[in-house]
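Reading through the structure tokens given below for one structure.
Number of protein chains: 2
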Amino acid sequence: MAQQRTATTINGVDLETLQNTVSAVEQDPSLGKCKFRATNKWVGGAHNRSRIDDFYAAGEERNHQQPFELDADEPPMLAGDDQAANPVEHLLHALASCVTTSMVAHAAVRGIHIEELESEVEGDIDLRGFLGLADDVPKGYTGIRIKFRAKGDPENVAKLRRLAEFSPVYNTLTQGVSVDIEVEPME
Amino acid sequence: MAQQRTATTINGVDLETLQNTVSAVEQDPSLGKCKFRATNKWVGGAHNRSRIDDFYAAGEERNHQQPFELDADEPPMLAGDDQAANPVEHLLHALASCVTTSMVAHAAVRGIHIEELESEVEGDIDLRGFLGLADDVPKGYTGIRIKFRAKGDPENVAKLRRLAEFSPVYNTLTQGVSVDIEVEPME
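Chains A and B, in that order, are what the protein sequence lines are.
Read left to right, the first sequence gives residues 545 to 731 (the numbering used here).
Read left to right, the second sequence gives residues 545 to 731 (the numbering used here).
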């Protein structure tokens with residue numbers, strides 16, 4: 545009997561590829577270790593640019609099929625030229641995109657079909673923290689909310705919320721992470 | 545005597561604009577409250593796209609001069625088509641760009657001139673967490689490192705490390721933040 549090849553793709557996720565990664569990591573847990581990277585160069589004022597190219601995963605140094613460039617700037621009221629989204633908006637993109645991908649992939653491996661998925665994310669920051677005007681005001685986000693709307697069987701939609709909790713960016717933000725910063729003089 | 549207009553810009557940061565924002569927030573602390581936002585739409589598989597347009601700051605709803613679109617995808621080994629940086633790489637861009645902007649702006653208001661500034665950021669993730677293969681393995685980043693190289697007077701470069709700590713993304717990541725996720729059926 546011929547294999548039903550269409551069954552290997554759900555939600556646009558190639559389950560065979562994903563299963564190969566899962567199997568490899570199951571057999572050798574050390575293959576789970578990944579290092580993701582970016583380099584950034586200040587352009588001027590509030591404008592800077594990151595380049596994303598190589599990463600380490602499944603025991604090997606790897607490269608994306610092409611490098612990606614990402615800009616950041618600030619709106620005029622924060623003394624920028626508004627040529628790109630600002631850093632805290634990029635953080636919201638990282639979060640929304642990660643939760644989306646996590647729900648889609650984990651739904652796929654459970655045989656849960658999603659037809660459409662969209663979200664709105666909003667986060668609160670009090671500028672008094674960043675500006676150094678009040679020591680007791682946090683400098684970062686104090687709360688972030690995401691509302692997803694999903695199209696699919698109602699019983700499938702009800703299963704998605706729990707799958708959001710696999711998201712690496714969601715977990716990084718809610719658990720916190722140590723960030724080590726060094727500044728050296730340029731040679 | 546004519547005003548020295550050049551003195552109002554340091555590191556490409558317009559100090560008058562920034563000082564106006566600082567003064568406004570000092571006079572009315574409620575003007576510090578900001579809400580940043582993004583909307584995201586799933587394209588298919590690991591590919592999705594955010595749009596960043598409006599935000600709330602200094603007591604008003606505002607719009608960027610133009611909306612910004614940001615894509616996310618995954619490399620082939622994570623069952624994506626590698627059409628964009630992945631979500632955890634976007635998080636590193638958010639961090640590097642925010643620390644850069646924070647150092648540049650806080651240096652400017654202190655009269656510290658920077659000539660060049662670049663950085664490399666790297667973070668560790670163990671895929672066993674995301675893949676659900678080990679409950680005791682964190683799903684997010686377990687450590688992030690940024691190395692900056694700065695060109696300028698050595699005594700100025702030495703002052704930059706402390707200014708990094710004003711960064712909202714740095715503070716969000718190191719302190720953690722509550723993230724509320726809702727999933728509703730699409731109308």
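We put the beta carbon where it would ideally sit given N, CA and C, even for glycine.
For residue i, name the three-state secondary structure that DSSP assigns.
i	result
residue 611 (chain B)	strand
residue 548 (chain B)	Unreliable positioning characterises residue 548 (chain B) in this predicted model, as indicated by a pLDDT of 47, which lies under 50. The coordinate reading is nonetheless provided below. Coil, per DSSP.
residue 683 (chain B)	coil
residue 555 (chain A)	coil
residue 581 (chain B)	strand
residue 564 (chain A)	helix
residue 654 (chain B)	coil
residue 587 (chain B)	strand
residue 667 (chain A)	strand
residue 620 (chain A)	helix
residue 723 (chain A)	strand
residue 661 (chain A)	strand
residue 731 (chain A)	coil
residue 594 (chain A)	strand
residue 601 (chain A)	strand
residue 649 (chain A)	helix
residue 678 (chain B)	coil
residue 694 (chain B)	strand
Give me the Cβ distance between residue i and residue j, rounded to the nearest whole Å; I'm assuming they're in contact under 8 Å.
i	j	result
residue 661 (chain A)	residue 648 (chain A)	7 Å
residue 646 (chain B)	residue 599 (chain B)	Rounded, the Cβ-Cβ distance is 18 Å, inconsistent with contact.
residue 672 (chain B)	residue 676 (chain A)	41 Å between Cβ atoms; not a contact.
residue 718 (chain A)	residue 586 (chain B)	Not really, about 22 Å apart at Cβ, beyond 8 Å.
residue 608 (chain B)	residue 619 (chain A)	6 Å
CB residue i to CB residue j, shorter than 8 Å?
i	j	result
residue 485 (chain B)	residue 691 (chain B)	Since the first and last residues shown for chain B are 545 and 731, residue 485 (chain B) lies out of range.
residue 637 (chain B)	residue 634 (chain A)	yes
residue 731 (chain A)	residue 581 (chain B)	no
residue 578 (chain A)	residue 669 (chain B)	yes
residue 641 (chain B)	residue 584 (chain A)	yes
residue 728 (chain B)	residue 706 (chain A)	no
residue 712 (chain B)	residue 674 (chain A)	yes
Near residue i, what residues of its chain come up, given a Cβ to Cβ distance below 6 Å and the 5 sequence neighbours on each side ignored?
i	result
residue 552 (chain B)	559 and 560
residue 603 (chain B)	575
residue 767 (chain A)	An answer regarding residue 767 (chain A) cannot be provided, because it is not within the stretch 545 to 731 covered by chain A.
residue 596 (chain B)	582 and 612
residue 678 (chain A)	672
Check whether the Cβ of residue i lies closer than 7 Å to any heavy atom of the ligand MG, and answer yes or no.
i	result
residue 716 (chain B)	Absence of the ligand MG from the depicted structure is noted, as is the absence of any ligand whatsoever, leaving it without description.
Using C-beta distances below 7 Å, list every residue in its chain close to residue i, excluding the 5 sequence neighbours before and after it, in chain order.
i	result
residue 655 (chain B)	554
residue 556 (chain B)	none
residue 714 (chain B)	639, 642, 643 and 708
residue 696 (chain A)	657, 658 and 659
residue 652 (chain A)	554, 555, 557 and 559
residue 617 (chain A)	590, 591, 624, 625, 626, 627, 628 and 630
residue 547 (chain B)	With a pLDDT of 45 at residue 547 (chain B), under the threshold of 50, the modelled position of this residue cannot be trusted; read the value that follows with caution. So no residue of the chain qualifies.
residue 726 (chain B)	none
If I measure Cβ to Cβ from residue i and keep anything under 8 Å in the same chain, skipping five residues before and after, which residues do I get?
i	result
residue 545 (chain B)	Reliability fails at residue 545 (chain B), whose pLDDT of 43 lies under 50, so the model's placement of it is uncertain and no value is given.
residue 606 (chain A)	598, 599 and 600
residue 565 (chain B)	602
residue 562 (chain A)	649, 652 and 653
residue 698 (chain B)	none
Q: For the stretch 670-685 of chain A and the stretch 696-707 of chain A, state whether three or more C-beta atom pairs, one from each stretch, are separated by less than 8 Å.
A: no
(Q) Quick test of the definition: if touching needs 3 or more C-beta pairs under 8 Å, does the stretch 621-628 of chain A touch the stretch 579-595 of chain A? (A) yes
Q: Answer yes if the stretch 628-638 of chain A comes into contact with the stretch 609-620 of chain B, meaning at least three C-beta pairs across the two stretches below 8 Å, and no otherwise.
A: yes
Q. Any chance the stretch 718-729 of chain B sits against the stretch 562-570 of chain B, with 3 or more Cβ pairs inside 8 Å?
A. no
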